[in-house]
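J.: The opening residue of the sequence shown carries number 4 in our numbering; numbering runs sequentially from there.
I'd like to ask some things about the structure below.
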Amino acid sequence: MKKAIACLVVILFQLLSALSASADIKLPSPQTEGGMGLFESLKKRASSPGGDFPTGALSDEELSNVLWAATGLNRGDKGWTVPMDKGEPPYVDVYAANDKGVFMYDWSSHSLVEISKNDIRANIGLQKFVEKAPCSLIFVADAEALSVFTNETLRAQFADVAAGAMTQNVYLVSSALGLGARYIHSVKDEELKSALNLPDENRVICLMMLGK
Ligand SMILES: Cc1cc2nc3c(=O)[nH]c(=O)nc-3n(C[C@H](O)[C@H](O)[C@H](O)COP(=O)(O)O)c2cc1C
């Protein structure tokens, strides 16, 4: 009897550990060859209408390509798909929110680090349709990474320039992959800061809806 109870306790413990374990995701390698040409992708770039946004979920491969385009390493261990002042590591962080939770993109390992298992999509945009996107990427100015720059104006400008480059890359890779995308400025700041566990000094810049 004692043995059976001990066994049960072990099983329960393992079950609880499995349930609470973080679910970081190693993304598949991004596509770096072939596909639609840049000029065709530029010709097709457009925002998908918010009210009629495509609701199909992205595959891991598609998400991998989009995140890599947003801020992936493209030249060894230093050098990214977007330009950063003085070649500093990216000072805008990219988060992904989908039905599985909230994740931060770690460009150094090309993986998603779980922040929470909460589906926050219904409470991040000021426009109702934002909740329809199967995945939204959230772009955040990282105060600690930006502290290498000398003053507040530079820090804000450099973060906004980086987010502009990142989101344009997301538009272009989305058009090349046939995904829907839309830049959204009207976000729920406080809700996002809390859902992403952001330090007070970090600033949410925008989000991008993604679907197919
Ligand atoms: C800085 C910026 C802010 C935007 N903010 C929003 C927004 O809050 N909500 C929205 O529905 N679309 C937003 N958009 C998407 C624009 O409305 C869209 O890009 C514009 O209608 C032009 O369409 P196109 O991207 O297909 O050329 C924003 C775009 C930019 C560049």
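Note that CB positions come from ideal geometry on N, CA and C, so glycine has one too.
So what does W83 bridge to, in DSSP terms?
T.: DSSP lists L76 as partners of W83.
J.: With the cut-off set at 8 Å, would you say F161 and Y94 are in Cβ contact?
T.: Yes. Within cutoff.
J.: On the CB-based measure, 16 or more other CB atoms within 10 Å of its CB, does L84 come out buried or exposed?
T.: A quick correction: the sequence has Thr, not Leu, at residue 84. Answer is buried; the Cβ neighbour count reaches 16.
J.: Are L210 and V190 close, meaning C-beta to C-beta below 8 Å?
T.: Yes, Cβ-Cβ distance for L210 and V190 is below 8 Å.
J.: Considering S44, what are the terminal residues of the alpha helix (DSSP H) in which it resides?
T.: Element bounds for S44: 41-47.
J.: May I ask whether a heavy atom of ligand 1 can be found less than 7 Å away from the beta carbon of A168?
T.: Checking the Cβ of A168 against ligand 1 gives no.
J.: Does the stretch 27-37 come into contact with the stretch 148-159, if we say contact requires no fewer than three beta-carbon pairs (one atom in each stretch) closer than 8 Å?
T.: Result no; under three Cβ-Cβ pairs closer than 8 Å.
J.: Which ranges does the alpha helix (DSSP H) cover as unbroken runs of at least 4 residues, wholly within the stretch 119-173, from first to last along the chain?
T.: List check, alpha helix (DSSP H) in window: 146-149.
J.: Could you give the C-beta distance for L140 and V105, rounded to a whole number, given that I count them as a contact under 8 Å?
T.: The Cβ separation is near 11 Å, so there is no contact.
J.: For A72, tell me which candidate among L30, T170, Y186, E193 has the shortest Cα-Cα distance.
T.: Ranking L30, T170, Y186, E193 by Cα distance to A72 puts T170 first.
J.: Could you name the residues whose beta carbon sits closer than 5 Å to any heavy atom belonging to ligand 1, keeping them in chain order?
T.: Matched residues: A49, S50, G53, Y186, I187, H188, S189.
J.: If you compare alpha carbons, which of A168, D203, A179, K196 is closest to Y186?
T.: When each option's Cα is compared against that of Y186, the closest is A168.
J.: What does a CB cutoff of less than 6 Å around A100 pick up in its chain, not counting 5 residues either side in sequence?
T.: So the list reads I123, R124, S139, once near-sequence residues are dropped.
J.: Within a Cβ cutoff of 8 Å, which residues of the same chain sit near N121, ignoring the five residues on either side of it in sequence?
T.: Cβ neighbours of N121 beyond the five flanking positions: G104, V105, A198.
J.: Is it true that the CB of L70 sits closer than 8 Å to the CB of Y98?
T.: Cβ distance not < 8 Å, so Y98 and L70 don't count as in contact.
J.: Are S178 and S67 closer than 8 Å when you measure CB to CB?
T.: No. Outside cutoff.
J.: Are the CB atoms of N200 and D145 within a distance shorter than 8 Å?
T.: No, they are not a contact pair.
J.: Taking Cβ to Cβ, would you say G181 is nearer than 8 Å to L213?
T.: No. Outside cutoff.
J.: Go ahead and pull the three-state DSSP assignment for L182.
T.: Of the three classes helix, strand and coil, the one that applies to L182 here is coil, per DSSP.
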